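These protein sequences, in sequence, are chains D and C.
With this note's numbering as the guide, the letters of the first sequence map in order to residues 462 to 1315.
With this note's numbering as the guide, the letters of the second sequence map in order to residues 109 to 584.
Just so you know, even glycine gets a beta-carbon here, dropped at the ideal spot from N, CA and C.
Just so it is clear, the structure is predicted and the values come from calculations on it, not from any experiment.
Here is the structure we will look at.
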Amino acid sequence: MKRLHLMRVVWVALALSANGWAQVDFAREVQPILRKNCLACHGPGMQQSGFRLDDGTAALKGGYSGAAIIPGDAKSSPLMRRVRGDQGLPAMPPGEKRLKPEELAVLERWIAAGASFPAKAPGLTSAVPRVNSKHWAFQPVQRPALPEIAGGRNAVDKFVLARLAKEKIAASPEADRRVLLRRVSFDLIGLPPTAAETEEFLRDTRPDAYERQVDRLLASPHFGEKWARHWLDQARYADSDGYEKDWSRPWAWRWRNWVIDSINTDMPFDRFTTEQIAGDLLPNAKAEQHVATGFHRNTLTNREGGIDDRQFRFEATLDRASTVSSVWLGLTMGCAQCHDHKYDPISQKDFYSLFAFFDNVEEVNIDAPLAGEFGPWIRSQNEYQRKRDALLAEYNVAALQADWEKNILYTIAHLGERTDWDLAWDCVNKLTEDGDGGKIVQIPSAKRTPRERDILTDHFVANYHFAIGNKKWKELKLDELNKKLRELKTQYPQLSQAYVISEVASPKSSFLRVRGDYKTNGIEVQPETPAVLPALNASGRATRVDLARWLTASENPLTARVAVNRIWQELFGAGLARTTDDFGTRSEAPTHPELLDWLAAEFRENGWSRKALIRLIVTSATYRQSSQARPELTEKDPNNTLLAKQTRLRLPGEAIRDNALRVSGLLTPTIGGPSFNPPIPPGVMELSYGSRGWGTGWKEATGPERYRRGLYIQFLRTTPYPLLANFDVPKSTVAACRRDRSNTPLQALNLLNDPVFLEAAQALAVKVLIDAPSSFEARAEAAYQAALSRKPTAAEQTRLQTYFEKQKTLLADDAKAIDQLAPVTLPTATRLETAVWTALASVILNLDEFITRE
Amino acid sequence: MSHPKDCQGSQQAPLKRRDVLRQASTGFGLTALASLMADKAYAGLAGGGTHFAPKAKNVIFCFMPGGMSHVDTFDPKPKLAELNGKKFDGFYQVGAKAETNRQWLGSPWQFKQHGQSGVWVSDLFPHIATCVDEMAVVRSMVSGFPLHPRGNLLMHTGRNTGGFPSLGSWVNYALGSENKNLPGYVLLHAGAVPPGGLENFSNGFLPATHQATAMHAEGKPVINIDAADKDPKIQRAKLDTLLQQDRQFLASIGQDDGIDAAIKNYEMAYTMQSVVPDVLDLDKESAATKKLYGVDDAERHKRNYSRQCLRARRLVEAGVRFVEITCPEVFGGDNGTWDQHSDLKKGHEGNALITDQGVAALIQDLKSRGMLGETLVVWATEFGRTPHAPKPDARDHHETAFTVWMAGGGMKGGTVYGATDEVGMKAVENVTEVHDLHATILYALGLDHKKLTYRFGGRDVSLTDVHGHVVRELLA
């Protein structure tokens, strides 16, 4: 200890005495310190935070936070502060090891003397060397030759059978035809076959009877619904903002419509990609191509007072970049927000280079009328505007608003002066409905579009109280006007709106953010793709269009593999590479790598047709196998990675409800359109913070839309619909690339006691009692055919009959229960019988077989 | 530690149970099955492993949403009283703007030392003050966000965005439930949850079984708990038929975990319908206990809160791992109970009145039943309130210093940990992040916050992300 102290004195004395600073011998004094302490992370092999100390040019250039060494000024050099640990940050190098005082002094002298590196130090030609990786997913996709093996129906089977042969395992036989039709029906359109469809298939003896069913299903408009849901999961689609107020997004569905339509028309996946990532930038972009960019409007929106707009914008941009990475590349680049990726060769700079593609994006709402909307709107606009103007004049809005605008503009220039007006200005930014109020108010009123004009006036009327207080606002009767304006709007046809993005007029430079903090700019970055992947060739500054083209370019090793793997997962319950959400270096290698590559190549070379790919897979013998358990496989291949059989899968949450509605005849099959509110258990909405005062609440649908498919259930981020939450529907905050299938008694309670399922049981009972011959057997058979596509076995029949008799006795004197279970009086059955049939239908709708695709 | 995929919520059940169930489906009757279900703990991390010896088994999390003022409750600042009314010349920023014209505000309440440990508590909490010898008070909490939803989400899920599993879900995922007829994670509320909504109590990407089950203080406690079939005999008959059909089907297709799990779910759901109302029934408690908590208080909100406290004890007693009690929004409005940007005195006094007796009774009651050692009671909020204000009788959001405390569950009673500067502006000594609090709570439960992970989105995700350290000074 004492010696150390002495040493320090000596060094300080030396430093002081050396007026003009003695020359430092880099090779003898400095380099060993750097080599020992720094180069492992900031050297040739790795450049943490973009900083390297083995090369003069690069070292002086600095890292992500900018220059680290200021030659001649040791005191201001961030390097010295970092090795001392006096910047409020942990000292470098990380861990227990500290530089010794004498080492610190050497570095200090060296920097003070100009921080010279030896002249022969190799210079770098590029700050970002392309990175090499041997990881399987980063290698180019090459179509492998088909294995030579007998059997199977198509290419898929060759790969699977070859692997099974190696393991000396036989494939399973084809599933029973009823099971098969049911399976492919759920997988392609998310709904079970009707009894008639099953009948028809069973009667069809042509060799391609199954393929014909597949083609029928691929052509069904419900195909787009089922596969849209798969895409919506990844796109983190929701009908509300999230965060504090969780405002509903009444037009979010417009983008969902686009997805359904695009999938139904089998839009090639490369175009599907380009339009969503950059539809607005395409030459002569059509309305629908703008609508496609709604993909990026699924980010969360924070309308909370007090939050810094810049932070929220930054986070939305981060989310856009990391979502694109997760969805198309299967890479978790979000990790690189704060630092270089721990496992994958993705640097922080890589991430912010992807971020830069979205940094100049602006959120815009546009008119996006559906077919048939335009005419009625045009016919009524003049009258609507006349009435609106009359109302505004009646309440003297023009003068009041002019004064308010003057004050807002003054406030923008004098923040912090008047608290109430600060709040009013904050609200213009956060609470303007259907547009960016903060931007509009700063456009001279003569230059505003009619749409902008109306948006701002609506905001003013509804929110003037933030500036002048509730009392005065009410005295001016603006609360009344607010109501009248909203009412008026509902009386006239409105055009559907869409949430889209566009590029700002004057783009700004993008910067890496040091430690992911939006306030701390690091080095400037250009839009660029990760260095470990093939380079992007753009002329000039790369745009989102370039990014989209790069994603679907034939050199890109990830996009096709990732997409194919996720489609496979939908059809088998697990991907060929099990980590469908991660193709990075920690991913699991595919079980059938050649098959994955063959399918990826096929997908890409066959016009990126989703339908063709799905058709290929579902017509394979592999897909058509029975899912029957095989004891020998349970030992050898418990997770069915070898695909010697199909897999039983519980239906997703939406499909469970759809299934009950479909078999009971309640389903309203309308495709597309706004979300709806099914009955929600009492007490749920009051727990929704956003529903109080701000949100839309939950107006239960009573018309036919009440029985629409689960895909259209309004998804409020802070209050997910219980059925969906209970059955593992993703939370819509980040991209979800696979769904879990968990088990909780809440699921059973849901199916047993939820009103929707009671209604379905009633409807199924009524249907059976009206349609089927009046014997118990015939009715039970009809119910089973409708719900399970099969007849009950003799044992099942007996058990159902016993149950029927028992319930009949139990219910006989329970008038209240009969009333509850039998909603109508039928000519074909007594009320008691109807009630018992409802109970029996409820048993069927709760069977595991009912909610499972075999 | 085995792979998280084997946890009890997933369809891959441990082999042993599967074997037993297979037997059950062919031989045993329902009774055997039912008794099997009611059997002892199904552990979460396959086999019920903790990482090391636990001190606590259960957590009762009393959350004070809105931002409870630290300088008015557990962190006395005499200097602030001196400065009262003087101009605040510091920098106070809301959003992108700085606010001028603020003044220091001394606490309107008196502080006294209590118990043998002499821990300071303000007059707001006469009942809680009697429990200080059981409490470990952390005065040096910090949070990155002066905003309610983000602060709440951070305090509950370790992230400020939503979509991540909450502390209670992690605990259940790790430890499983001790009672198969009750959910392992219960949210006791009286019609209000903090900003951030149900995302605060979400299972995130963990299996849905780990989500909080909300129970209401008034009326029907749980959604769908009311059997559609009013007569239990009718429902039982339905279930018997249903499960017989399922089992026969199971036999026809060979072994399948999914069906096993479904059968189990139905049995548990059936039992829950009767067990839940039973556990929540306070008439099973003595008059003295009811009086201790104040469950019959004339004031509705206090009555509800006290009922929730007593129910929390009953739930924990019945084997529920994690119970959260939320506050009614009486004074704070939409942004949370303790959010007094004005009417500080009225608001904080009212909120203290509602919560004080129930929470103190909970600690005393747990102690007298010998349950305090294994039950960790946490009193937390999302941030503190400013020692300065734009007007008298008001305080704003303050994320650079606030107080939480914990009692029981292996905590060192009578402890004060960390300190703020002399005016309560900033935590300056032993600065404690929310991640540290989480790490410490997990530690008390025998869990290593770095090892408790779930693979999602290509990463092994944990509650504390890359942060957090265990505050050993708080532990006995």
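Mind pulling the chain D residues with CB within less than 7 Å of residue i?
i, result
"C:Leu350", "Val1304, Asn1307, Leu1308"
"C:Pro257", "Tyr704, Glu705, Glu765"
"C:Ile57", "Lying outside 109 to 584, the shown extent of chain C, residue 57 of chain C is not represented and no answer is given."
"C:Leu400", "Those within 7 Å of C:Leu400 in chain D number zero; the least Cβ separation is about 29 Å."
"C:Tyr374", "Ala1209"
Mind checking which residues open and close the beta strand (DSSP E) that includes residue i?
i, result
"D:Lys595", "Per DSSP, D:Lys595 belongs to no beta strand (DSSP E) and is neither H nor E."
"C:His108", "It is not possible to answer for residue 108 of chain C, since the shown part of chain C is limited to 109 through 584."
"C:Arg247", "243–250"
"C:Tyr551", "Careful: C:Tyr551 lies outside any beta strand (DSSP E), inside the alpha helix (DSSP H) at 542–552."
"C:Asp568", "567–570"
Based on DSSP bridge pairs, tell me the residues matched to residue i.
i, result
"D:Gly527", "D:Gly524"
"C:Trp212", "C:His496"
"C:Ala488", "C:Phe171"
"C:Asn166", "C:Thr483"
"C:Val229", "C:Lys220"
"D:Arg732", "Answer is none; D:Arg732 lacks a bridge partner."
"C:Lys195", "C:Gln211"
"C:Met519", "C:Leu583"
Which residues in chain C have a C-beta closer than 8 Å to the C-beta of residue i? List them in chain order.
i, result
"D:Pro1142", "Ile331, Asn332"
"D:Glu1147", "Gly299, Ala300"
"D:Asn868", "Result: empty, since nearest Cβ-Cβ is about 15 Å, beyond 8 Å."
"D:Leu1272", "Ile342"
Taking the alpha helix (DSSP H) that residue i falls in, what are its first and last residues?
i, result
"D:Gly795", "Unbroken run through D:Gly795: none, as it is neither H nor E."
"C:Gly259", "256–265"
"D:Thr1259", "1255–1273"
"D:Tyr1182", "Run containing D:Tyr1182: none; DSSP gives neither H nor E here."
"D:Gly836", "835–855"
"C:Asn280", "275–283"
Using the beta-carbon of each residue, which ones in chain C are nearer than 7 Å to residue i?
i, result
"D:Leu939", "Result: empty, since nearest Cβ-Cβ is about 21 Å, beyond 7 Å."
"D:Asp1275", "Asp339"
"D:Leu607", "Going along chain C, no residue has its Cβ under 7 Å from D:Leu607, so there is no contact; the nearest lies around 31 Å."
"D:Pro1139", "Ordered by position in chain C, no residue passes the 7 Å Cβ test against D:Pro1139, which lies about 14 Å from the chain."
"D:Gln600", "Near D:Gln600 there are no residues of chain C at all, since even the closest Cβ is about 19 Å away, more than 7 Å."
Since residue i meets chain D, which of its residues come closer than 9 Å, beta carbon to beta carbon?
i, result
"C:Met263", "Those within 9 Å of C:Met263 in chain D number zero; the least Cβ separation is about 15 Å."
"C:Met533", "Under the 9 Å cutoff, chain D gives no residues; its nearest Cβ is about 17 Å from C:Met533."
What does residue i reach in chain D if we use C-beta pairs closer than 8 Å?
i, result
"C:Asp354", "Leu1308, Asp1309, Glu1310"
Just to make sure I have the definition right: I need the residues of chain C whose C-beta is within less than 9 Å of the C-beta of residue i. Which are they?
i, result
"D:Val1124", "Simply none; closest approach about 16 Å."
Using a Cβ-Cβ cut-off of less than 9 Å, list which residues of the stretch 739–758 of chain D approach chain C; keep chain order. none
Output, in sequence order along the chain, the residues in the stretch 1174–1189 of chain D whose CB is closer than 8 Å to any CB in chain C. Arg1178, Thr1179, Thr1180, Pro1181, Pro1183, Ala1186, Asn1187, Phe1188, Asp1189
Check distances from the C-beta atoms of the stretch 166–195 of chain C to those of chain D and list, in chain order, the residues that come in under 7 Å. none
Count Cβ pairs between the stretch 377–391 of chain C and the stretch 278–285 of chain C that sit closer than 8 Å; are there 3 or more? no
With 7 Å as the C-beta to C-beta threshold (strictly closer), list the residues of the stretch 1208–1230 of chain D near chain C in chain order. Gln1208, Ala1209, Leu1210, Asn1211, Leu1213, Asn1214, Asp1215, Leu1219
Should the stretch 780–797 of chain D be regarded as contacting the stretch 916–927 of chain D, the criterion being three or more beta carbon pairs within less than 8 Å? no
If you pair each beta-carbon of the stretch 458–467 of chain C with each one of the stretch 495–505 of chain C, do three or more pairs fall below 8 Å? no
Any C-beta of chain C within less than 8 Å: which residues of the stretch 987–1009 of chain D qualify? none
Determine contact between the stretch 172–188 of chain C and the stretch 218–234 of chain C, defined as no fewer than three beta-carbon pairs at a distance below 8 Å. yes
Evaluate the contact criterion for the stretch 255–267 of chain C versus the stretch 394–401 of chain C: three or more CB pairs, one atom per stretch, below 8 Å. no
Evaluate contact between the stretch 1052–1059 of chain D and the stretch 595–614 of chain D, counting only Cβ atoms and requiring at least three cross-stretch pairs below 8 Å. yes
Counting only Cβ-Cβ distances shorter than 9 Å, please list the residues of the stretch 1244–1263 of chain D near chain B, keeping chain order. As a matter of chain content, chain B is missing from the structure shown, whose protein chains are D and C.
Would you list, in chain order, the members of the stretch 553–572 of chain C that have their beta-carbon closer than 7 Å to a beta-carbon of chain D? Gly565, Gly566, Arg567
Contacting positions in the stretch 677–697 of chain D - beta carbon closer than 9 Å to chain C: Arg697
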